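Some notes on the structure that comes next.
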Amino acid sequence: VLRCVDTYKHVGARMDAFAAMGPEIRSRNDSAAAASGPIRKHVLSKPSVPLPSKAMHAQTYRYSRNLYNCGSWPDLTITEQRMLHTSIVKAIRSMYGKKQGEHVTDYVILNELGLMAPINMIRLARIIFLFDSSSSGMSQYLWQYMLRGSIQEAGLKL
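Going by our numbering, the first residue of the sequence shown is number 4, and it counts up by one from there.
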């Protein structure tokens, strides 16, 4: 006898009966927040660690935890996009630091640190997933673009 369930875990990812990504995003956010204690304590909270190094650690850790295999995700609702963006950028904001009363937008912070917005990382991961599926070899260049942020540095010629 097979029972119908609302959600189940498949190969480490939570699957919703209606293909909603909310439960998976919440699970990844909780996992990343719980496991980020040592990085916050030993790297991100230290004033002696330069901001670019902090940004690299935050990107490597949060993006890999929250966005693993996101190229195969279904389209996210606006609420799911906001949930994902908020959790990742909140972690990056905590190490960015700002002066009392100063308002800095997410765009300014991500741009200053040379990071891509989470939704743009998902878009790029989908393109890479498509190229990987077609075995064209372009995915290597796209990964370099994602990591370096420049088409010229990635070796692409337009």
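Every residue gets a Cβ at the ideal spot worked out from N, C-alpha and C, and that includes glycine.
Treat the numbers as computed from the prediction; the structure is a model and nothing was measured.
- A128 is a Cβ neighbour of G74, given a cutoff of 8 Å.
- Fewer than three beta-carbon pairs drawn from the region 64–84 and the region 48–55 are found closer than 8 Å, and the two stretches are therefore not classed as touching.
- With respect to M98, A37 sits apart: the two C-beta atoms are not nearer than 8 Å.
- Inclusion of R65 and I28 in the CB contact set at 8 Å is not warranted, their separation being larger than that value.
- As a beta-bridge residue in DSSP terms, M18 pairs with Y11.
- DSSP places Q62 outside any alpha helix (DSSP H), giving it a letter other than H or E.
- Contact between the region 107–116 and the region 81–95 is present: 3 or more CB-CB pairs across the two stretches fall below 8 Å.
- Going by DSSP, G25 is part of the alpha helix (DSSP H) stretching over G25 to A38.
- Counting along the chain, A94 sits inside the alpha helix (DSSP H) bounded by residues I81 to Y99.
- Between I42 and W76, the C-beta spacing is not below 8 Å.
- By the criterion of a C-beta distance shorter than 6 Å, Q84 is surrounded in its chain by I122, once the five residues flanking it on both sides are discounted.
- For N114, the enclosing alpha helix (DSSP H) covers residues D109 to L116.
- L5 carries a coil assignment under DSSP once its states are collapsed to helix, strand and coil.
- Selection D109, T80 and L79 evaluated against T89 yields D109 as nearest (Cα-Cα).
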